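Asker:
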Ligand code: HEM
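Numbering (this note's numbering), first residue to last: 2 to 417.
#1: How long is the line joining the alpha carbons of residue 368 and residue 257, rounded to whole angstroms?
#2: My parser needs the alpha helix (DSSP H) runs of 4 or more residues fully inside the segment 198-228; what are they?
#3: Based on the DSSP output, what are the partners of residue 397 in its beta bridges?
#4: Along the chain, which unbroken stretches of the alpha helix (DSSP H) at least 4 residues long are found entirely within the segment 274-335?
#5: Helix, strand or coil: how does DSSP classify residue 38 here?
#6: Whole alpha helix (DSSP H) runs in the segment 148-191 with 4 or more residues, listed along the chain?
#7: Are the segment 145-153 and the segment 164-176 in contact at 8 Å, needing three or more beta carbon pairs?
#8: How close, in whole Å, do the beta carbons of residue 260 and residue 375 come, if the pair is a contact with beta carbons under 8 Å?
#9: Flag residue 305 as yes when its Cβ comes closer than 7 Å to any non-hydrogen atom of the ligand HEM, and as no otherwise.
#10: Under 8 Å by Cβ, that's how I've got residue 298 and residue 346 pegged, so tell me the actual separation to the nearest angstrom.
#11: Any heavy atom of the ligand HEM closer than 7 Å to the CB of residue 371?
#12: How big is the Cα-Cα spacing for residue 100 and residue 363?
#13: Quick check on the DSSP output: the alpha helix (DSSP H) that includes residue 135 runs from which residue to which?
#14: For the putative contact between residue 302 and residue 330, defined by C-beta atoms under 8 Å, what is the C-beta separation to the nearest angstrom?
#15: For residue 11, I'd like the list of residues in its chain whose CB is within less than 6 Å of its CB, leaving aside the five on either flank, ordered along the chain.
#16: Tell me the DSSP secondary structure of residue 390 in three-state form.
#17: Where residue 279 and residue 50 are concerned, what is the direct C-alpha to C-alpha distance, given to the nearest angstrom?
#18: Report the option in 332, 30, 206, 266 whose CA atom is closest to the CA atom of residue 43.
#19: Across the segment 265-281 and the segment 380-396, are there enough close Cβ pairs to call them in contact, namely three or more that are closer than 8 Å?
#20: With distances taken between CB atoms, is the gap from residue 410 to residue 292 smaller than 8 Å?
#21: Could you check the C-alpha separation between residue 2 and residue 313 for me, to the nearest Å?
#22: Does the ligand HEM have even one heavy atom less than 7 Å from the beta-carbon of residue 406?
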């Protein structure tokens, strides 16, 4: 089987290929990239729960990519980054990044950033999220047609994350722009030419943008996430300024687009399953179950990446040291061995154990926040959706092999 996880062949509908892999080659070595594609639930869980065999440190892949560049190209990129950020190149090289660390370093870092996501803090955002949902609904209520992605699914998470961080409201468009460039440049067509993708420019712009804000919060802390992060920088194991910028970068990618896509994917799935829409509209207490089922059915992250360590083996397949291993979350979530009749959206099913937020030490830091946003938005939007339909039959997907979402979702009011 020639399945390749990084090409576009299956981008719009990867599920039939996932099913075939689960049945015929559950640990499949992709012929071109050499990545090991893990499609069954049980094996995906094994990888995610075994950081001692499957590392999150994918920086080795950058080293491989760098080796494909000339020495001059490499020097130019490094110069651009360190001069742009006015940084010592060694400082940049040694910076930790939460999502790429393994235990025990990961645990130390996670403990620091967890302080910004305590249940008390998350509860404190609830009322504001509801206000933002109502603002978005006021923009669309009664309109003959509108794009759900543009009017609701994009503005809500970007406003929430900016407010949580403590970014001035007038700068939110920058955050959205940066997050789009990072997704496309990191997991879409931008990868074909890293120098031209704009990713470096975003890192530089964000670093320059954050510097005065971090300085201001250090002098005068506020009730926001940046204050928590700069406060954490005081201790021994605290974060350096570069690490804070890299963490904010991670939040932009991990927390923004994903929540947008959860909302878009959920609404699209409801349009395909009118009986489920009617069921939730009749019983709003089902909204949290709808959110979990939408995550299982069509989650925003198709797969995560790991690197095999010495002696790794999975389902009897030996995996060479340094090989990429990809637990396909969206396939595990449709594994019929774990979730019966998996291709059916069913808000009454038991979704416990779905992998849309990952599992193990890197389990999504923002899961509670994402659930809160999605529940608030769907609670208000589901009754509205009863009177709406797709404005066009065709669907347009985000340009990424790893992130799954709708680029647009034009809706129009049904004829009475
Ligand atoms: C529906 C929305 C979301 C989905 C589907 C999602 C999914 C994921 C997944 C699968 C991982 C695990 C990555 C891995 O194992 O390598 C992850 C990690 C992470 N997510 Fe989310 N996420 C969502 C929303 C958010 C939000 C709203 C935030 C923050 C505000 C966030 C912040 C993070 C961070 C910081 C990590 C890294 C955790 C670590 O490495 O310890 N995510 N997310």
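C-beta: ideal position from N, C-alpha, C; glycine also. Since the model is a prediction, treat every value here as computed from it, not as a measurement.
Answerer: Answer, in terms of the structure:
#1: 12 Å
#2: 200-220
#3: 409
#4: 275-283, 288-298, 330-333
#5: strand
#6: Complete alpha helix (DSSP H) runs here, min 4: 156-166, 173-188.
#7: no
#8: About 7 Å; that satisfies the 8 Å criterion.
#9: yes
#10: 5 Å
#11: yes
#12: 7 Å
#13: Membership of residue 135 in the alpha helix (DSSP H) is indicated by the continuous run 120-141.
#14: 6 Å
#15: Within the same chain, residue 11 has close Cβ partners 18.
#16: Under the three-state reduction of DSSP, residue 390 is assigned to strand.
#17: 38 Å
#18: When each option's Cα is compared against that of residue 43, the closest is 332.
#19: They touch, by the three-pair rule.
#20: no
#21: 23 Å
#22: Distances taken from the Cβ of residue 406 to the heavy atoms of the ligand HEM include none shorter than 7 Å.
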